[in-house]
Every structure is written in C-alpha cells, then in structure tokens.
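Read through the structure below, which is laid out as structure tokens, and then see the notes.
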Amino acid sequence: MAYVESLLHKCNSLQNIKQLQAHLITTGLFKSYFSRSKLLDFCATSSAGDLSYATFVFHNITRPATNDWNAIIRGIAGTNQPIKAVSCYVSMRRSSCKPDALTCSFTLKACARTSARIEILQIHSDVVKTGVLADVLLQTTLLDSYAKCGDLSCASSLFDEMTVRDIACWNAVITGMAQGNRPNEALRLFKRMTECGMYPNEVTVLGALSACSQLGARKEGDKIYDYIRNQKLDAIETVCNASIDMFAKCGFVKKAFEVFASMQCRKSIITWNTMVMAYAMHGYGVQAIELFNSIRENGLVPDSVSYLSVLCACNHAGMVDEGLRLFESMEEVGVEKNVKHYGCVVDLLGRAGRLEQAFKIVESMPTLPDVVLWQTLLGACKTYGNAELGEKVSRNLVEMGSRSCGDFVLLSNLYAAQGRWKDVGKVREAMKNTSVKKIPGFSYTEVGGVIYKFINGDQTHPRWKDIHQKLDEIRFRISEYGYVAETDYVLHDIGQEEKDNVLLYHSEKLAVAFCLISTSADIPISVNKNLRICGDCHVVIKLISKIYKRDIIVRDRTRFHEFKDGSCSCGDYW
DNA sequence: GTAGGGTTAG
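Numbering of the first sequence is given in UniProt numbering, commencing with residue 1 and proceeding in unit increments.
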C-alpha cells in the first residue's frame, strides 16, 4: 500500500486527487479501508486537497470506518471553525463506529483551539470509559488541552497520575504552566524533570526560558542558557529568540544582543522584532531605530510587530517626531495599523502634552478604540490637567463598562487638582455604586537563588517586621531630602497618615527594602513588577538609590527603570 | 482491518 501513499504525495491539486481516486475505484482498491482513508485524510488536511470534497466523498461511504471519521475530524479541526469537529465527533459516537485514540486526539486539539473546556471534560470521560487513556500520547494531548483552556489544576493532576512520563509530557506540563501565568510552577517542574534524569530538549527550554522571562529570574535563566550552549540547542532559531527575550527581560540587554549577533542559524523577522523590543524595553530608542532600519538590509520585511516594537521604543525614549513619522509611514509600506499601534502613538503624543493631536488620531481610527487606549489618554489628561478632554475620555470608558479603580482615581484627581470638589464627590459616589475592579500589584525579586513575591501591604513574609522597620527608616531619611508622599496615587476615604502607609507598603517598595536588608551593597537590586511602577515609588526609589548608594533596576509592565545616584534611566518619561 | 496522533519563540 506504500504505492497509494507515494502517489498521494505527488498530488498537488484537487484534480490530481480525483484522478487518483478514479484510478483506485477502477482498480477496486478504493474498497480497501486503508487506501480510502489515506486518500480522505490527504484530501481533508493537505493544502492540495479540499475539505468539502473530502466531506462529500465521506458522505457517500455507506459504512464509514473509524479511520474515515478520523480523517474528516482531523480536517475540520484544522479549519478556522475547529469546534465543528466536536459535532462530527458526536455524530460518530451516535453511529455504530467506535472512536479510537486518534479520534479523541484530533477532537481534543480542536477543543484546545477554542478553549472548549466542557467538551474536553466530556471527551475525557469517554476516553476513560473506552480504556484508551492508557495511551501516553493521548494523555499528553489531554493534558495540553486542559492547560490551553486554562484548567491548570486538571492538567497537573493528569500529569501526577501518569505512570510513564516521557519528554513530551514533561514539555506539555512545563509549557502549560509557563503560558498559564504560573512561571514559578514551570521552573519547579523543570528542576524536577532534570532531577529525574531527563534531558530537556529545545521544547523544554522554550517553556523554561519563558518562565524566566516572566519572573525576571536571572540566575535560573543563566543556568538554562549554559545548558543550551552545552547541548548545542542554540543552533535552533526559536531557542535563540527565546534566549534573547529572556536576557532582555532579565535586564541584560547586552547579553541579549550578544546572542542576537552571534547566532549561527537563520534570523527570522521574529528574531529582529525580539531584539528591537529588547531595546525598546530598556529605553534604547536610537539603537532600536537603527536595528529596525537594518531589517530590510537583511532581506526581510518589517511586519506589524516590528512597527509596534519600534514605536514602543520611540515612546520610551521620548522620540515623539520620529515615532510619529514611523507611524505615518506604515500605510505607504502596506503594514496595517492595529489598535496597539494607535495606543502606542496616542501614548507618545499624550506624554508630550499634544493631547488634541492624540485625540484627533483616536477619532480617525477605523476600528473602535479599546479600554487601554482610553486609559492612556486619560492618564495624559491628568498629567497635563486637561479636565475637559478628561471628561470626554472618561465618558467613553464608562460606556465601555470599565470598572478599573485607576480610571476613577485619575478622573477624581483631575477634578481635585482644579478644586472641583463637587465633581470629585460625584466620581466617588459612582465608585461606591460600581463594583470597582482592582488588579492587585505584586513584585518579584531574587535573593540567593530564591524568588520572593511581595503583594501590596503584604505582611506574610517571614521578615516583614524587619522590612517594615527598614521602610520606616527610609521614610525618615528621604523626608530629610524634602520628600512628601504623593498621595495623588491613592483614593480612599482615609486620613493622610493612612494614605502615606498605603503608598509606603506598595509591593515594589517592600521588595526594595527586603533587598536592602538581605543583600550586600555591591550587588544591584533587581525588582520585577506586574503593573506599571507608581509615581510615588518612582520618586522614592530614586532617592533610595542616592541615599543608600545602590543601583536599583525595576522592570515594570512596560519597561526597565535603572535607578542610579538619584535619577532613572527613563528620564522620568514613562 | 497494515500507519497516522502528543510538547515549540516576538
């Protein structure tokens, strides 16, 4: 039957497939299950084929076999409406034909692509009932499907129950954790895997590197990169890309560029974008633009992400006109602007105080602005005290159903700054009547190879008393430099002293204080925050860097801040 | 009713 296969692979059009089908029918081979389902599979999944023709042939089979169903389900799972594969699976179960491990595998992949958790649960129960669960490959698919639809606890209990664990299932669970916002868990599993005597491969290190990037885990990242070099995994482009990203997000732009420059394998547009973004995160506007310009010289074409990265770099470096020029040139080169590009340029103009121009660009958008974009503009209105535009923007946010605490705070502060207390009262009233959503801020820091997590107001750390004592000392010493808490950043119906406290116990300050008491003076302090750094923390950490003579690096949601001797690499522009 | 199915960067 290798004969049918070799012929199939020579087909590069539907016409060819039909010719082969005719040939099989006339020679009687089409009655053979094997040739028929091979042809169906090829027709349903290869680019030369056509799913609707495959379905047509399928419907004309009097008693389709499992393999025929599998071919069709696999084909549907690969379309842009993968959920229809589930209906097909259901029809198959109603027929006299039994699903096998492959049927389940294809259907599960379809579910994973649409985050259809309930359907996964149903297939899982079928799988248990029919006894195909013993199949390691199917277990991995099931695990991966749970992880992809966000059910990490199901994914990890499946993993725990597995009796045979090969490299792919380790990879599935590690990647699942890394992509599901549980980077600590991913690294824990990565360590456990190596302790089990398994050798991580390129897929494993991609997951582990991504976890390090999220955590800013330098030491762990370094170790993994050493392993990558030893195993020659750096011959693989995806591994290099992930390594560049990891070094950049752990604060080593130079190391990131070294990896980029010394790559032996091909660089794709993703590689270039990663490096441009690396510069952007660190506020290296000039380098980012230079690199962006060299994309074409290297025979590649900048895509939508390239533009986003370079715009982001202009934004962080305050290169307003350069950014605007790049934004406007997008149309000429045929790269479509999306809401993120608009968001970036609105931020760029907003920070420079060009609010009217920013608003005009928003109005010119072909699609609806998103919440983030309006929030950006609202922030700029607050900075430049433009209450009129601020109100307009807030109205849009309310209409979009925003319940973010920050939005209310900004508008309220905008009114307060102009003494419009009645309006301040109205905003507070609205806040009380809305279930305000507040994303908790947290920070990570690595001390002695251990990653510590701090949450705002946290008192669960074993050394919290020492940390709070240090913060009291800091408060005293910075007040000598004329520091007054900018309680603008807080909106609570509480007294001034309490407001000061809310600010003082922000997660980034807790992390910095912890580093001050637990690390030696010659090592820079490095903190990683999930949200943007708050304005008060920015002022305080600048002062700490001066008074305590410590270099402090804070990575926030969008960029790096390198505090040195009382100033920050962002130039207070962020 | 021979084979096929699992993990993958910005």
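Glycine residues also receive a C-beta, built at the ideal position from the N, C-alpha and C atoms.
(request) Indicate whether the contact test is met: 3 or more Cβ pairs, each with one atom in the segment 522-536 and one in the segment 429-441, closer than 8 Å. (result) Yes: at least three Cβ pairs fall under 8 Å.
(request) Report the three-state DSSP secondary structure of TYR573 (helix, strand or coil). (result) Your numbering for residue 573 matches position 573 in the first sequence. Collapsing the DSSP output to three states places TYR573 in coil.
(request) Report buried or exposed for VAL301, applying the criterion of at least 16 other Cβ atoms within 10 angstroms of its Cβ. (result) If you number the first sequence from 1, residue 301 lands on position 301. Classification for VAL301: exposed.
(request) Kindly indicate which residue of ARG403, ALA155, CYS240 and PRO64 has the alpha-carbon position closest to the one of TYR225. (result) Numbered from its first residue, the first sequence carries residue 225 at position 225. Nearest to TYR225 by C-alpha distance, out of ARG403, ALA155, CYS240 and PRO64, is CYS240.
(request) Tell me, please, whether the segment 312-320 touches the segment 279-296 by the rule of three or more beta-carbon pairs shorter than 8 Å. (result) Contact annotation: the segment 312-320 touches the segment 279-296, with at least three C-beta pairs closer than 8 Å.
(message) I need the DSSP call for GLU5, collapsed to helix, strand or coil.
(response) Taking the first sequence and counting its residues from 1, the one referred to as residue 5 is at position 5. In this structure, GLU5 counts as helix in the three-state DSSP scheme.
(request) Counting only the same chain and skipping the five closest in sequence on each side, list residues whose C-beta sits under 7 Å from that of ILE83. (result) Within the first sequence, numbered from 1, the residue matching residue 83 stands at position 83. Cβ within range, chain order: ALA110, THR114 and ALA116.
(request) Mind listing, in chain order, the continuous beta strand (DSSP E) runs of no fewer than 3 residues lying wholly within the UniProt repeat "PPR" (268-302)? (result) Entirely contained in the UniProt repeat "PPR" (268-302), not one beta strand (DSSP E) run reaches 3 residues.
(message) Just to confirm my understanding: we take ALA155, look at its own chain, exclude 5 residues before and 5 after, and list those with CB closer than 6 Å. What are they?
(response) Within the first sequence, residue 155 is the residue found at index 155, counting from 1. The residues are LEU143, TYR146, ALA147 and GLY176.
(message) Taking its Cβ as the centre, do 16 or more other Cβ atoms sit within 10 Å of VAL372, making it buried, or is it exposed?
(response) Indexing the first sequence from 1 puts residue 372 at position 372. The residue in question, VAL372, is exposed, as its Cβ has fewer than 16 Cβ neighbours within 10 Å.
(message) Distance check for LEU152 and VAL164, CA to CA, integer angstroms please.
(response) Here residue 164 refers to the residue found at position 164 of the first sequence. Here residue 152 refers to the residue found at position 152 of the first sequence. Taking the straight line joining both Cα atoms gives about 20 Å.
(request) Give the straight-line distance between the Cα atoms of ALA85 and SER91, rounded to the nearest whole angstrom. (result) By one-based count along the first sequence, residue 85 stands at place 85. By one-based count along the first sequence, residue 91 stands at place 91. SER91 has its alpha-carbon roughly 10 Å from the corresponding atom of ALA85.
(request) List the residues that DSSP assigns as beta-bridge partners of THR445. (result) In the first sequence, counting from the first residue as 1, residue 445 sits at position 445. In DSSP, THR445 forms a bridge with TYR452 and VAL527.
(request) Work out the CA separation of LYS10 and GLN19 for me, nearest whole Å. (result) Taking the first residue of the first sequence as 1, we reach residue 19 at position 19. Taking the first residue of the first sequence as 1, we reach residue 10 at position 10. Their Cα atoms are separated by approximately 12 Å.
(message) Buried or exposed for ASP407, going by 16 or more other Cβ atoms inside 10 Å?
(response) As a working mapping, residue 407 is identified with position 407 in the first sequence. Residue environment for ASP407: buried (at least 16 other C-beta atoms within 10 angstroms of its C-beta).
(request) Go through its chain and collect everything with a Cβ distance to ARG36's Cβ below 6 Å, but skip five positions before and after it. (result) By 1-based counting over the first sequence, the position of residue 36 is 36. For ARG36, where only same-chain residues beyond five positions count, the Cβ hits under 6 Å are PHE30.
(message) So, at 8 Å on beta carbons, what are the nonlocal neighbours of GLU5 in its own chain, with the 5 sequence-adjacent residues on each side left out?
(response) In the first sequence, residue 5 corresponds to position 5, counting from 1. Correct list, in chain order: LYS38.
(request) Could you name the residues of the same chain whose beta carbon sits closer than 6 Å to that of PHE292, not counting the 5 residues immediately before and after it, in chain order? (result) Mapped onto the first sequence, residue 292 falls at position 292. Exclusion of the five residues before and after PHE292 leaves VAL276 and VAL310 as the residues of its chain whose Cβ lies within less than 6 Å of its Cβ.
(request) Please classify ALA71: is it buried, with 16 or more other beta-carbons within 10 angstroms of its beta-carbon, or exposed? (result) For the purposes of this step, residue 71 is taken as residue 71 along the first sequence, with counting starting at 1. For ALA71, the number of other beta carbons within 10 angstroms of its own is at least 16, and it is reported as buried.
(message) Checking 8 Å against the spacing of the C-beta atoms, do residue 583 and LEU410 come in under that value?
(response) No statement about residue 583 is possible, as the shown extent of the chain runs from 1 to 574 and does not include it.
(request) Starting from the Cα of residue 581, find the closest Cα among GLU119, LYS129, ASN171 and LEU121 and give me that residue. (result) Absent from the model: residue 581. The displayed extent of the chain is 1 to 574, so no value can be given.
(message) Tell me which residues share the same chain as GLY28 and place their Cβ nearer than 7 Å to its Cβ, disregarding the 5 neighbours each side in the sequence.
(response) One-based indexing of the first sequence puts residue 28 at position 28. So the list is empty, once near-sequence residues are dropped.
(request) Return helix, strand or coil for SER560, following the three-state DSSP convention. (result) The residue you call residue 560 lines up with position 560 of the first sequence. According to the sequence shown, residue 560 is Phe rather than Ser. In the structure shown, PHE560 sits in a strand (DSSP, three-state: E or B).
(request) In the DSSP assignment, find the unbroken alpha helix (DSSP H) run with ARG351 in it and report its ends. (result) Position 351 of the first sequence, counting from 1, holds the residue named residue 351. Here the alpha helix (DSSP H) through ARG351 covers 339-351.
(request) Provide the residue(s) that pair with CYS568 in DSSP beta bridges, ordered along the chain. (result) Indexing the first sequence from 1 puts residue 568 at position 568. The partner list for CYS568 (beta bridge, DSSP) reads PHE563.
(message) Please state whether the Cβ-Cβ distance between GLY49 and PHE42 is less than 8 Å.
(response) Taking the first sequence and counting its residues from 1, one reaches residue 49 at position 49. Taking the first sequence and counting its residues from 1, one reaches residue 42 at position 42. With contacts defined as CB atoms closer than 8 Å, GLY49 and PHE42 qualify as a contacting pair.
(request) Could you pull the start and end residues of the alpha helix (DSSP H) that ARG395 belongs to? (result) Position 395 of the first sequence holds residue 395. Element bounds for ARG395: 387-399.
(request) Determine the direct distance from the alpha carbon of VAL447 to that of ILE467, and round the result to whole angstroms. (result) Translated into positions along the first sequence, residue 467 becomes position 467. Translated into positions along the first sequence, residue 447 becomes position 447. Taking the straight line joining both Cα atoms gives about 14 Å.
(message) Could you tell me the alpha carbon to alpha carbon distance between SER13 and ILE73, rounded to whole angstroms?
(response) For the purposes of this step, residue 13 is taken as residue 13 along the first sequence, with counting starting at 1. For the purposes of this step, residue 73 is taken as residue 73 along the first sequence, with counting starting at 1. Spanning the two alpha carbons is a distance of roughly 21 Å.
(request) Starting from the N-terminal side, write out each stretch of the alpha helix (DSSP H) that is 4 residues or longer and does not extend beyond the segment 454-485. (result) For the segment 454-485, whole alpha helix (DSSP H) runs of length 4 or above, ordered along the chain, are 464-479.
(message) By the three-class DSSP mapping on this structure, what secondary structure does LYS10 have?
(response) As a first step, residue 10 is located in the first sequence; it is residue number 10 there, counting from the start. LYS10: coil per DSSP, three-state reduction.
(message) Residues in the same chain with beta-carbon distance under 7 Å from ASP166, minus the five sequence neighbours each way, listed in chain order, please.
(response) On the first sequence, residue 166 is found 166 positions in, with the first residue counted as 1. Short of 7 Å from the beta carbon of ASP166, and not among the five residues preceding or following it, lie these beta carbons of its own chain, in chain order: VAL136.
(message) Can you tell me where the beta strand (DSSP E) holding ARG555 begins and where it ends?
(response) Counting from 1 along the first sequence, the entry for residue 555 is found at position 555. Membership of ARG555 in the beta strand (DSSP E) is indicated by the continuous run 552-555.
(request) Could you spell out where the alpha helix (DSSP H) holding ASP68 opens and where it closes? (result) Taking the first sequence and counting its residues from 1, one reaches residue 68 at position 68. 66-77 is the extent of the alpha helix (DSSP H) around ASP68.
(request) Verify whether the separation of the beta carbon atoms of GLU202 and ILE236 is less than 8 Å. (result) In the first sequence, residue 202 corresponds to position 202, counting from 1. In the first sequence, residue 236 corresponds to position 236, counting from 1. Going by C-beta atoms, GLU202 is nearer than 8 Å to ILE236.
(request) Could you pull out every residue in the same chain whose Cβ sits closer than 8 Å to the Cβ of VAL450, ignoring the five residues on either side in sequence? (result) Sequence index remark: in the first sequence, residue 450 carries index 450 (1-based). So the list is empty, once near-sequence residues are dropped.
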